[in-house]
Amino acid sequence: MARRTVRYSTAGILIPIIGIAVIGYFVYHGLNGARGFWASQQREAEVAVLEKELADLRKERDILEQHVALLRPESLDPDMLEERARVLLNVAHPNDIVIMRAER
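Counting along the sequence shown from 1, when you hit position 35 you're at 1014 in the numbering used here, and nothing is skipped either side.
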């Protein structure tokens, strides 16, 4: 009879231990796995950073599109074109008066 009691108690302990180990395995990977809770939090933070970068790039793109629209032949402003050419090429008209300022 002593043998049977030992057998039943070993099986009675072994099954809950295996169950706890399986549950622990899934909990661990649910938190730390590649698609776990912590990885999900990290992805959400990365998405927030990338969305901000995307918004900044869209603003920059809108500004560039406005500049390009101003350079189209149907909306080209001759004064603006002359001003930009002077600034970029560092030239002045012979009749322009140039006032030199001391650097601060």
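C-beta: ideal position from N, C-alpha, C; glycine also. Bear in mind that the values here come from a model prediction, so they are computed numbers and not experimental data.
With respect to M1059, L1049 sits close: the two C-beta atoms are nearer than 8 Å. At a Cβ-Cβ threshold of 8 Å, A1018 and G1012 count as neighbours. CA-CA distance, A1027 to Q1020, rounds to 11 Å.
C-alpha of L993 to C-alpha of V1001: approximately 12 Å in a straight line.
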